[in-house]
Amino acid sequence: NPDEYEIQAMLWVQGEGDSSNKIAAQQYGDNLRNLIEHVRKDVDVPNLPFLLFQVGKGEVVKGMKRTAQEVENVTLIPQSQDVDSTDFYPKMENGHTNYEGMKKLGERFAEVFLSDYGRKQD
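Take my numbering: the final residue in the sequence shown is number 1177, and no numbers are missing along the way.
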């Protein structure tokens, strides 16, 4: 029932696979903008905050940065304060973030959301 909940934000952790595909990497920023536009329309929350966690490299990261700069209520969370770091969040051997890394990432999402968008007043 839509009256029983309110969507506060969308968290986005995706882009690694697109980094290794030249066409997908070049189109990443435009595709991300389209996704944001469609999600906001579909859930009927025109200014829904999007928090993007920086994954991938090259054109994908450029697309994330450009989107965060140009689209309202979009925040890019870098890998760490050192934006070139790729291992701030602990990972498993296959490169995916492990439990501790996901926990740390969740805490970071919460910190950024509360800092940038504040607590919702009841």
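Beta carbons: idealized from backbone N, C-alpha and C, even for Gly. As the structure is a prediction and not an experimental result, all values here were calculated from the model.
message: Helix, strand or coil for I1062? Go by DSSP, reduced to three states.
response: It is coil, neither helix nor strand.
field: Opposing strand residues paired with F1108 [DSSP bridges]
entry: I1132
query: Roughly how far, in whole angstroms, is the beta-carbon of L1160 from the beta-carbon of F1108, given that I think they are within contact range, below 8 Å?
result: A Cβ-Cβ distance of about 6 Å is found for the pair L1160 and F1108, placing them in contact under the 8 Å criterion.
query: Are there 16 or more other CB atoms within 10 angstroms of the CB of E1125, so buried, or fewer, so exposed?
result: exposed
- request: Report the rounded CA-to-CA distance for M1065 versus F1164, giving the unit in angstroms.
  value: 10 Å
task: Going by CA-CA distance only, name the one from K1096, Q1134, V1116, Y1172 that's closest to M1157.
output: Q1134
- prompt: Would you report the Cα separation of A1123 and K1117, rounded to the nearest angstrom?
  reply: 10 Å
query: From S1075 to E1162, what does the alpha carbon distance come to, in whole angstroms?
result: 28 Å
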